[in-house]
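Undergrad:
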Amino acid sequence: MTNPIFRKEDVLIEALPYIQQFEGATFVIKYGGAVMHDEALKSMVAQDVTLLRKIGIEVVVVHGGGKEITSFAEKLDIETKFVNGQRYTDEKMRDVVQMVLGGLINKDIVRRINVHGGRAVGVSGIDANLIKVKKHNDDLGLVGEVTEVNAAFIKNLLKDGYLPVIAPIGVDDEGTVYNVNADIAAGPIAASLDAAKLVYLTDTEGVKANGSLISHLTQSTAENHIKEGIISGGMIPKVESALASLESGVQKVHIIDGRVPHALLLEIFTKEGIGTEIVSE
Ligand SMILES: Nc1ncnc2c1ncn2[C@@H]1O[C@H](COP(=O)(O)OP(=O)(O)OP(=O)(O)O)[C@@H](O)[C@H]1O
Ligand SMILES: [Mg+2]
Numbered sequence: 036m037t038n039p040i041f042r043k044e045d046v047l048i049e050a051l052p053y054i055q056q057f058e059g060a061t062f063v064i065k066y067g068g069a070v071m072h073d074e075a076l077k078s079m080v081a082q083d084v085t086l087l088r089k090i091g092i093e094v095v096v097v098h099g100g101g102k103e104i105t106s107f108a109e110k111l112d113i114e115t116k117f118v119n120g121q122r123y124t125d126e127k128m129r130d131v132v133q134m135v136l137g138g139l140i141n142k143d144i145v146r147r148i149n150v151h152g153g154r155a156v157g158v159s160g161i162d163a164n165l166i167k168v169k170k171h172n173d174d175l176g177l178v179g180e181v182t183e184v185n186a187a188f189i190k191n192l193l194k195d196g197y198l199p200v201i202a203p204i205g206v207d208d209e210g211t212v213y214n215v216n217a218d219i220a221a222g223p224i225a226a227s228l229d230a231a232k233l234v235y236l237t238d239t240e241g242v243k244a245n246g247s248l249i250s251h252l253t254q255s256t257a258e259n260h261i262k263e264g265i266i267s268g269g270m271i272p273k274v275e276s277a278l279a280s281l282e283s284g285v286q287k288v289h290i291i292d293g294r295v296p297h298a299l300l301l302e303i304f305t306k307e308g309i310g311t312e313i314v315s316e
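For what it's worth, this note's numbering labels the leading residue of the sequence shown as 36, then goes sequentially.
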């Protein structure tokens with residue numbers, strides 16, 4: 036017996052206008068939270084980004100890896116310290132960040148996408164000077180602030196049919212390597228590519244106020260919520276980066292629940308969507 040409510044053909048037909056709308060558009064997707072740690076979710080999100088690529092969307096992945104960095108630092112007896120929610124990064128920690136993000140995590144994501152035929156290529160911000168930075172401020176050590184993105188290099192990879200997976204590590208004019216917050220790096224990367232969408236996959240339903248989900252968030256409300264402390268902690272870099280990228284030409288930012296199986300497909304290809312969309316006024 037087929038389920039009378041969810042007919043497969045209806046689901047596909049509902050997706051058709053979105054497939055038409057987004058053919059050739061660029062989506063930047065930031066992986067965070069459970070999609071970085073849960074085996075089943077890691078594979079599902081690899082399938083989702085491959086599917087997006089296969090139907091003609093130019094997909095770029097940016098990933099973090101906070102938990103893994105902390106656990107490797109522990110194994111090497113390197114102390115982890117946070118200042119205002121950001122990782123204090125001395126030279127030893129910077130090397131751990133480079134190893135774990137650029138090596139282990141980046142290649143794990145690439146491998147998973149390629150199992151599905153997604154033609155992923157892993158690069159760090161050091162490669163082709165992809166992410167140029169300057170020192171963020173003295174209190175955080177080697178944490179970089181993005182000054183320039185080599186969009187031409189990413190566009191070349193996309194043109195050749197590759198799916199770039201970016202480890203957020205930056206380099207300055209002298210060649211010094213810096214740790215870069217993945218949420219914050221995703222904004223300028225999306226802006227440099229004139230992305231139609233920047234999507235943050237995270238561990239909560241979206242942006243919430245007083246316990247309930249905000250499905251549509253405007254710039255001014257977002258700014259107020261940050262001021263009032265309704266938006267706090269790990270949500271701040273996402274929303275601030277979202278607002279900056281909207282100002283720089285990104286059309287829409289989504290913050291969605293990566294714990295929901297195939298969250299990306301649901302957000303992009305169904306009428307209802309899930310999570311929070313942030314738009315400029
Ligand atoms: N208004 C808000 N709405 C939703 N979440 C909020 C809000 N304010 C603060 N948060 C917190 O922000 C968290 C999301 O940021 P977090 O840094 O934990 O996720 P991530 O960046 O996706 O994952 P990770 O940093 O582990 O890679 C939520 O789980 C929640 O605790
Ligand atoms: Mg975070």
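C-beta atoms are modelled at their ideal positions from N, C-alpha and C, and glycine is treated no differently.
#1: Just list the alpha helix (DSSP H) runs in the region 112-186, keeping only unbroken ones of 4 residues or longer that don't cross its boundaries, in chain order.
#2: Using the beta-carbon count (16 or more within 10 Å), is M36 buried or exposed?
#3: Quick check: the Cα distance between T61 and D83, rounded to an integer number of angstroms?
#4: Tell me whether V242, by its Cβ, gets closer than 7 Å to a heavy atom of ligand 1.
#5: Which residues in the same chain have their Cβ closer than 6 Å to the Cβ of G157, if we skip the five residues on either side of it in sequence?
#6: Under the criterion of a Cβ to heavy atom distance below 7 Å, does D218 qualify as lining ligand 2?
#7: Rounded to whole angstroms, what is the Cα-Cα separation between A186 and Y235?
#8: Assuming Y66 is part of the beta strand (DSSP E), what are its boundary residues?
#9: Taking only three categories from DSSP, how would you classify T239?
#10: Let me know if P203 comes out buried or exposed under the rule of 16 or more other beta-carbons within 10 Å of its beta-carbon.
#11: Could you give the distance in angstroms between the alpha-carbon of M128 and the alpha-carbon of V118?
#12: Measure the C-alpha to C-alpha separation of I64 and K287 and round it to an integer number of angstroms.
#13: Please classify G308: does DSSP put it in a helix, a strand, or coil?
#14: From L51 to I90, what does the alpha carbon distance come to, in whole angstroms?
#15: So what does DSSP say about V80, is it helix, strand or coil?
#16: Just to check, is the beta-carbon of G179 closer than 7 Å to a non-hydrogen atom of ligand 2?
#17: Candidates V131, H251, M270, P296: which alpha carbon is nearest E114's?
#18: Straight-line CA distance for Q254 to E316?
#19: Do the CB positions of G100 and V70 come within less than 8 Å of each other?
#20: CB V206 to CB V242, shorter than 8 Å?
#21: DSSP puts V18 in a beta bridge; with which residues?
#22: D292 lies in the beta strand (DSSP E); which residues open and close that run?
#23: Three or more C-beta pairs closer than 8 Å, one from the region 43-57 and one from the region 210-218: is that the case here?
#24: Starting from Y213 and walking both ways along the beta strand (DSSP E), at which residues does that stretch end?
#25: Measuring CA to CA, which of T237, L86, I271 is closest to Y66?
#26: Would you give the residue range spanned by the beta strand (DSSP E) that P199 belongs to?
#27: Between S276 and the rest of its own chain, which residues show a CB-CB distance below 7 Å, the 5 nearest in sequence each way excluded?
#28: Which residue comes first and which comes last in the beta strand (DSSP E) that contains E93?
TA: Taking the geometry as given:
#1: 126-132, 141-150
#2: Any reading at M36 must be qualified, since the residue scores a pLDDT of 44, below 50, and its modelled position is unreliable; the value itself is stated next. Exposed is the call here.
#3: Taking the straight line joining both Cα atoms gives about 15 Å.
#4: yes
#5: N141, K142, V145, V200
#6: True, at least one ligand heavy atom lies under 7 Å from that Cβ.
#7: 20 Å
#8: 61-66
#9: Note: T239 maps to coil in three-state DSSP.
#10: buried
#11: 14 Å
#12: 12 Å
#13: coil
#14: C-alpha separation (whole angstroms): 11 Å.
#15: helix
#16: no
#17: V131
#18: 6 Å
#19: no
#20: no
#21: There is simply no residue 18 to check, as the chain begins at 36 and stops at 316 in what is shown.
#22: 287-292
#23: No, the region 43-57 is not in contact with the region 210-218.
#24: 212-214
#25: T237
#26: 198-202
#27: D218, I219, A221, G222
#28: 93-98 is the span of the beta strand (DSSP E), which, as asked, contains E93.
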